[in-house]
Amino acid sequence: MNAVLYPFCASPFFVWLTPITRLVPATSSFAIPCNKNEKKFAQICMASLTLQYYGAIFKVIVIKVTKSERDVVEHMKNDIFSLKGKVCIVTGGYQGIGETVAAYIADAGADIVIFDISDATEVADRIGQEYGVRAKAYICDVTKPEMVDQCIAQAATDMGTLDLLFNNAGICLHKSVLDCDPQDWLRVIDVNLNGVYYMARAFGKFLIDNNKTGNIVNTASMSATIVNIPQRQASYNASKAAVVHLTKSLAVEWVDKGIRVNSISPGYIRTAITAGSNPEYQKLWIESIPMKRMGTPEELAGAVIYLLSDASTYTSGADLIIDGCFTIV
Ligand code: NAP
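The opening position of the sequence shown corresponds to residue 1 in the working numbering, with each subsequent residue numbered one higher.
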């Protein structure tokens with residue numbers, strides 16, 4: 001409103017009114033001594049006073065948008081969560097979080113590539129048929145950098161391109177530091193941290209070499225932030241804390257390449273990892289979760305799609321904790 005009024009009120013005739021109007025409530029009235037001709041003038045003044053008063057409350061702020069901001073907005077589609085036309089790799093997609101979230105990513109329109117140490121062809125075929133997308137599985141051990149490079153190259157050839165990566169494969173070991181021998185320690189770090197790094201590196205290199213932009217979502221864990229009890233799992237906690245910081249580091253390193261890198265940090269989720277745990281532990285976990293239940297893999301899908309899609313174009317290096325309030329109490 002001010003933007004409309006100011007040019008009018010800034011005219012020489014009205015300039016002197018402005019300081020008065022700030023002191024006058026819109027509903028109050030006062031007499032201005034005047035003759036018949038002056039009455040009209042007084043009415044105009046009163047109208048201006050009222051408009052000025054409201055103008056002081058309802059300011060119009062003119063926002064200047066830069067070209068790069070405008071470009072981003074122009075590229076955002078109406079359906080900002082759509083992944084149509086994208087090809088997404090999901091690691092650890094044979095089962096659990098990877099399998100379920102891959103189906104939701106397909107439902108959002110993306111073609112699916114599953115990398116897993118086990119043969120996930122049946123999963124890929126099922127997803128392809130159910131969601132009408134192309135889907136293909138590759139046996140890929142993410143701890144083997146040469147295998148990762150080969151699988152990325154093969155998938156890019158088979159699918160025509162690659163756009164998105166849900167970097168999710170991981171393992172957990174319940175062993176105290178003293179019981180955890182170096183082999184155990186290295187295995188957890190190798191899958192959970194090195195595997196995430198090898199995948200992100202090969203995928204990022206593919207995008208950069210092909211002059212493409214893309215998005216990565218790494219699966220960390222709430223164990224990156226807190227120390228779980230009663231189980232002892234220092235190797236897992238350390239590996240996931242490193243994934244969160246690797247995510248932030250990659251986000252900054254690739255910010256000028258148009259590659260966004262974020263992570264999700266699930267709490268206790270009902271999958272093979274948790275189902276195989278000591279039932280007494282599971283009881284204790286559920287008692288400690290404010291929502292009084294474990295999460296399901298389906299409850300992570302929305303966050304992953306958000307971070308993979310144009311809905312999150314200004315988000316990189318973020319870690320989204322999804323844990324039924326576990327870590328905030
Ligand atoms: P999951 O059901 O065990 O699925 C993990 C998948 O990754 C399995 O198919 C597994 O294959 C595969 N995998 C393991 N090592 C691999 C390797 N070297 N290369 C390729 N694939 C490999 O576990 P999930 O619960 O879905 O976990 C998925 C991710 O979420 C993990 O990173 C996990 O740490 C994280 N997470 C889980 C929870 C939870 O409560 N479930 C909480 C926080 C974070 P195999 O079964 O053959 O080993």
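We treat Cβ as the ideally placed atom computed from N, Cα and C, and that holds for glycine. Keep in mind the model is a prediction, meaning the values are calculated, not measured.
Residue from the options whose Cα sits closest to the Cα of residue i
{"i": "residue 308", "options": "70, 68, 81 and 72", "result": "81"}
{"i": "residue 178", "options": "269, 104 and 233", "result": "233"}
{"i": "residue 105", "options": "264, 304 and 201", "result": "304"}
{"i": "residue 252", "options": "180, 279, 148 and 315", "result": "315"}
{"i": "residue 133", "options": "85, 116 and 96", "result": "85"}
{"i": "residue 289", "options": "211, 267 and 274", "result": "267"}
{"i": "residue 169", "options": "146, 184, 155 and 197", "result": "197"}
{"i": "residue 166", "options": "264, 240, 76 and 257", "result": "264"}
{"i": "residue 271", "options": "63, 90, 300 and 238", "result": "300"}
{"i": "residue 221", "options": "212, 171 and 187", "result": "171"}
{"i": "residue 115", "options": "130, 195, 291 and 91", "result": "91"}
{"i": "residue 131", "options": "112, 118, 138 and 137", "result": "112"}
Identity of the residues DSSP links to residue i by a beta bridge
{"i": "residue 262", "result": "217"}
{"i": "residue 81", "result": "Answer is none; residue 81 lacks a bridge partner."}
{"i": "residue 337", "result": "In the structure as shown, the chain begins at 1 and stops at 329. Residue 337 is therefore absent and cannot be evaluated."}
{"i": "residue 190", "result": "Note: residue 190 sits in no beta bridge, so no partner."}
{"i": "residue 136", "result": "113"}
{"i": "residue 267", "result": "Partner(s): none; residue 267 has no beta bridge."}
{"i": "residue 295", "result": "269"}
Span of the alpha helix (DSSP H) around residue i
{"i": "residue 275", "result": "272-275"}
{"i": "residue 149", "result": "145-159"}
{"i": "residue 308", "result": "298-308"}
{"i": "residue 208", "result": "195-209"}
Distance, residue j Cα to residue i Cα
{"i": "residue 277", "j": "residue 230", "result": "12 angstroms"}
{"i": "residue 254", "j": "residue 262", "result": "12 angstroms"}
{"i": "residue 296", "j": "residue 205", "result": "33 angstroms"}
{"i": "residue 32", "j": "residue 78", "result": "Confidence at residue 32 is low in this model, with a pLDDT of 49, below 50, so its placement is unreliable and the value that follows should be read with caution. Residue 32 and residue 78: Cα-Cα distance of roughly 55 angstroms."}
{"i": "residue 353", "j": "residue 327", "result": "No answer is possible for residue 353: it lies beyond the span of the chain, which begins at 1 and ends at 329."}
{"i": "residue 325", "j": "residue 207", "result": "36 angstroms"}
{"i": "residue 294", "j": "residue 161", "result": "37 angstroms"}
{"i": "residue 377", "j": "residue 201", "result": "It is not possible to answer for residue 377, since the shown part of the chain is limited to 1 through 329."}
{"i": "residue 217", "j": "residue 181", "result": "30 angstroms"}
{"i": "residue 323", "j": "residue 285", "result": "11 angstroms"}
{"i": "residue 22", "j": "residue 66", "result": "Summary for residue 22: the model assigns pLDDT 48, below 50, so the residue's position carries little reliability, and this model does not support an answer."}
Nearest-angstrom Cβ-Cβ length linking residue i and residue j, presumed shorter than 8 angstroms
{"i": "residue 100", "j": "residue 280", "result": "About 27 angstroms separates the two Cβ atoms, so there is no contact after all."}
{"i": "residue 128", "j": "residue 120", "result": "Contact flag wrong, Cβ pair sits at about 12 angstroms."}
First through last residue of the beta strand (DSSP E) which encompasses residue i
{"i": "residue 105", "result": "Element bounds for residue 105: not the beta strand (DSSP E) but the alpha helix (DSSP H), 96-107."}
{"i": "residue 322", "result": "319-322"}
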